[in-house]
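Q:
Protein chains: 2
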Amino acid sequence: MDKKDEILKVALRLITESGFHATPTSKIAKEAGVANGTLFHYFKTKDDLILALYTKHQNELRLFIDKHSTKNNSIDSTFHVFYISTINWIHENQTAFQFIQQFHQSPFYQLIPREYINQNESFLIELLQQGLNQGAIKQLPIELLHSMINSHIIGTINYLTTRNLSLEDFHKTTQKSFSLLWDMIRK
Amino acid sequence: MDKKDEILKVALRLITESGFHATPTSKIAKEAGVANGTLFHYFKTKDDLILALYTKHQNELRLFIDKHSTKNNSIDSTFHVFYISTINWIHENQTAFQFIQQFHQSPFYQLIPREYINQNESFLIELLQQGLNQGAIKQLPIELLHSMINSHIIGTINYLTTRNLSLEDFHKTTQKSFSLLWDMIRK
DNA sequence: GTCTATACGTTGATAGAC
DNA sequence: GTCTATCAACGTATAGAC
Chain Z
1 MDKKDEILKV ALRLITESGF HATPTSKIAK EAGVANGTLF HYFKTKDDLI
51 LALYTKHQNE LRLFIDKHST KNNSIDSTFH VFYISTINWI HENQTAFQFI
101 QQFHQSPFYQ LIPREYINQN ESFLIELLQQ GLNQGAIKQL PIELLHSMIN
151 SHIIGTINYL TTRNLSLEDF HKTTQKSFSL LWDMIRK
Chain L
188 MDKKDEILKV ALRLITESGF HATPTSKIAK EAGVANGTLF HYFKTKDDLI
238 LALYTKHQNE LRLFIDKHST KNNSIDSTFH VFYISTINWI HENQTAFQFI
288 QQFHQSPFYQ LIPREYINQN ESFLIELLQQ GLNQGAIKQL PIELLHSMIN
338 SHIIGTINYL TTRNLSLEDF HKTTQKSFSL LWDMIRK
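Protein chains in written order, with our numbering: chain Z, 1 to 187; chain L, 188 to 374.
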């Protein structure tokens, strides 16, 4: 792995553990096995590093969802696949997801252009639009539904990650959780 | 208002805006209209200030819920009152709630004793236990239900606060959101 | 590209007068 | 209790050699 990736990898872990400002660049450089100056060769400022970290993992999540979700099936099946694959990615990338959440609650988030956010949300938004058109889900503002689904996923993840479930129980819980979601939004 | 409260009030605002570490004690003191040394007279360290801020508002929320929720009515009615009053408190105390969320995601949270957390969650946990006993809600692990309800509330708040709704629409949305929650957990 | 050395501002916290 | 003055430590970022 080259030095740039190593810096990003270490930064993700340390920042998620301690927060943006409590994580000095010196510590990141040290644990990544590079000199302090090297970090600033790859990232002009510390803020640049944080923004790069965000877009990197956000892109990975979006690509994963796009790759695993097809829109050819029925609405409820598409929803199901979307839900499961999102949970799976988050579970495999817990630190990255924690970082994304931290980032969303920080002032940095205001620096992200609206178009970029829209792009990341587009899959779910279009799916909801389709569901509304077909009368499969409750007639409510699409942003409300979107917000409820996002927080539902976060709640499920919070539950899953604070326990140490067997793989079987993990899948069972994920399925039950999806049922809850579907009971909530279906007409 | 005495100086201690003024410090807490300003700290809440500044820390919520910029985060724990990005908010210097000097700035808090300045905006609170006190000298730097005065802040450290009331709070031994900066961490002490942050912990005091957390327990203060967390206590206020708990007292508010205890005060407005009665357990004498039917389960669904008690749930409804709990939900509405929680949303109302959060809406009236958005900054405090944002701070609490920030705090929960920070390493500080590990410093909070488990008993204190249990105490704050006790109302909802007991309510869920009662609902399970009566067969009113789905037979699922109580922690899963608890987690789903918490995140549901956060999702609703996120939606409500990013829009500028009239008081009427605000209440309508809150009611609809509760219906969604109830559809999700009821048997 | 990578390193060492260092400049420079900022911050949390203390001491001591009033 | 409140203030002023001050310090030691730390953190970001740069300069320049290799």
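Backbone N, C-alpha and C define an ideal beta-carbon position, used for all residues, glycine too.
(1) Name the chain L residues whose beta carbon is nearer than 7 Å to that of Z:S106?
(2) Cα separation between L:H244 and L:A283?
(3) Are three or more beta carbon pairs between the stretch 137–149 of chain Z and the stretch 358–371 of chain L nearer than 8 Å?
(4) At a Cβ threshold of 9 Å, is Z:R163 touching chain L?
(5) Give a yes or no on whether the minimum CB-CB distance between Z:D183 and chain L is below 9 Å.
(6) What would DSSP say about L:I324, mapped onto helix, strand or coil?
(7) If we ignore side chains and look at the alpha-carbon of each, how far apart do L:Q326 and L:W369 end up?
(8) For Z:I117, which option in Z:F82, Z:K46 and Z:L61 has the closest C-alpha, if you only look at C-alpha atoms?
(9) Taking the runs of the beta strand (DSSP E) that are 3 residues or longer, which of them lie wholly in the stretch 20–71 of chain Z?
(10) Considering L:Y296, what are the terminal residues of the alpha helix (DSSP H) in which it resides?
(11) For Z:L128 and Z:H68, what's the separation of their Cα atoms in angstroms?
(12) Rounding to the nearest angstrom, what Cα-Cα distance links Z:F82 and Z:T55 in this structure?
(13) Starting from the Cα of L:D235, find the closest Cα among L:G220, L:T212 and L:L250 and give me that residue.
(14) Hey, L:I262 and L:I340: beta-carbon distance below 9 Å or not?
(15) Let's see if you can read the secondary structure: which residues bound the alpha helix (DSSP H) around Z:M184?
(16) Are there 16 or more other CB atoms within 10 angstroms of the CB of Z:S106, so buried, or fewer, so exposed?
(17) Using a Cβ cut-off of 7 Å, which residues of the stretch 131–150 of chain Z contact any Cβ in chain L, in chain order?
(18) Note the first and the last residue of the continuous alpha helix (DSSP H) segment covering Z:D214.
(19) State yes or no: is the C-beta of Z:Y159 within less than 9 Å of the C-beta of L:M335?
(20) Where does L:S338 land, buried or exposed, given buried means 16+ other C-beta within 10 angstroms?
(21) For Z:Q98, decide whether its Cβ has a neighbour in chain L, counting only Cβ atoms nearer than 9 Å.
(22) Below 7 Å on C-beta distance, what does L:A209 contact in chain Z?
(23) According to DSSP, is Z:D2 helix, strand or coil?
(24) Quick check: what's the CA-CA separation for Z:E126 versus Z:F64?
(25) To the nearest angstrom, how far is it from the Cα of L:S205 to the Cα of L:N280?
(26) Is it true that the CB of Z:I157 sits closer than 9 Å to the CB of Z:F99?
(27) Among residues of its own chain, excluding the 5 on either side of L:R200, which ones have a beta-carbon nearer than 7 Å to its beta-carbon?
(28) Helix or strand or just coil, what does DSSP make of Z:N158?
A: Short version:
(1) Against the first sequence, residue 106 of chain Z aligns to sequence position 106. Those within 7 Å of Z:S106 in chain L are G206.
(2) As a first step, residue 244 of chain L is located in the second sequence; it is residue number 57 there, counting from the start. As a first step, residue 283 of chain L is located in the second sequence; it is residue number 96 there, counting from the start. When the Cα atoms are used, L:H244 and L:A283 turn out to be separated by approximately 6 Å.
(3) Yes, since at least three Cβ pairs between the stretch 137–149 of chain Z and the stretch 358–371 of chain L fall closer than 8 Å, the two stretches touch.
(4) Locating residue 163 of chain Z in the first sequence gives position 163, counting from the first residue. With 9 Å as the cut-off, Z:R163 counts as an interface residue toward chain L.
(5) Stepping through the first sequence from its first residue, residue 183 of chain Z is reached at position 183. Interface flag for Z:D183 against chain L is set, since a Cβ pair is found closer than 9 Å.
(6) Within the second sequence, the letter at position 137 stands for residue 324 of chain L. Assignment of L:I324 by DSSP, reduced to helix, strand and coil, places it in the strand class.
(7) Counting from one through the second sequence, the residue named residue 326 of chain L turns up at place 139. Counting from one through the second sequence, the residue named residue 369 of chain L turns up at place 182. The alpha-carbon atoms of L:Q326 and L:W369 are separated by roughly 14 Å.
(8) On the first sequence, residue 117 of chain Z is found 117 positions in, with the first residue counted as 1. If you compare the alpha carbons of Z:F82, Z:K46 and Z:L61 with that of Z:I117, the shortest gap goes to Z:L61.
(9) The stretch 20–71 of chain Z contains no whole beta strand (DSSP E) run of 3 or more residues.
(10) Position 109 of the second sequence, counted from the start, is the residue given in the question as residue 296 of chain L. L:Y296 -> no alpha helix (DSSP H), and no H or E assigned at all.
(11) On the first sequence, residue 128 of chain Z is found 128 positions in, with the first residue counted as 1. On the first sequence, residue 68 of chain Z is found 68 positions in, with the first residue counted as 1. Going by the C-alpha atoms only, they are around 17 Å apart.
(12) Within the first sequence, numbered from 1, the residue matching residue 82 of chain Z stands at position 82. Within the first sequence, numbered from 1, the residue matching residue 55 of chain Z stands at position 55. If you draw a straight line from the Cα of Z:F82 to the Cα of Z:T55, it comes to about 21 Å.
(13) By 1-based counting over the second sequence, the position of residue 235 of chain L is 48. It is L:T212.
(14) The count along the second sequence starts at 1 and reaches residue 262 of chain L at position 75. The count along the second sequence starts at 1 and reaches residue 340 of chain L at position 153. No, they are not a contact pair.
(15) Here residue 184 of chain Z refers to the residue found at position 184 of the first sequence. From DSSP, the alpha helix (DSSP H) with Z:M184 extends over L167 to I185.
(16) Within the first sequence, the letter at position 106 stands for residue 106 of chain Z. By the neighbour-count criterion, in which a residue is buried when 16 or more other Cβ atoms sit within 10 angstroms of its Cβ, Z:S106 is buried.
(17) Correct list: L140, E143, L144, S147, M148 and N150.
(18) Residue 214 of chain Z lies beyond the residue range present for chain Z, which begins at 1 and ends at 187; the question has no answer from this structure.
(19) One-based indexing of the first sequence puts residue 159 of chain Z at position 159. One-based indexing of the second sequence puts residue 335 of chain L at position 148. Taking 9 Å as the Cβ cut-off, Z:Y159 and L:M335 qualify as a contacting pair.
(20) Residue mapping note: residue 338 of chain L aligns to position 151 of the second sequence, counting from 1. Of the residues assessed, L:S338 falls on the buried side of the cut-off, its CB having 16 or more other CB atoms within 10 angstroms.
(21) What you label residue 98 of chain Z is simply residue 98 of the first sequence in a count that begins at 1. Chain L places a beta carbon closer than 9 Å to that of Z:Q98, counting this residue as a contact.
(22) For this step, residue 209 of chain L is matched to residue 22 along the second sequence. What L:A209 touches in chain Z: H21.
(23) Within the first sequence, residue 2 of chain Z is the residue found at index 2, counting from 1. Note: Z:D2 maps to coil in three-state DSSP.
(24) Locating residue 126 of chain Z in the first sequence gives position 126, where the first residue counts as 1. Locating residue 64 of chain Z in the first sequence gives position 64, where the first residue counts as 1. Pairing Z:E126 with Z:F64, the inter-Cα distance amounts to about 17 Å.
(25) For the purposes of this step, residue 205 of chain L is taken as the residue at position 18 of the second sequence. For the purposes of this step, residue 280 of chain L is taken as the residue at position 93 of the second sequence. Approximately 18 Å between the Cα atoms of the pair.
(26) Stepping through the first sequence from its first residue, residue 99 of chain Z is reached at position 99. Stepping through the first sequence from its first residue, residue 157 of chain Z is reached at position 157. No, these two residues do not count as a Cβ contact at 9 Å.
(27) Against the second sequence, residue 200 of chain L aligns to sequence position 13. The answer, listed in chain order, is T282.
(28) On the first sequence, position 158 is the one that residue 158 of chain Z refers to. Three-state DSSP puts Z:N158 in a helix.
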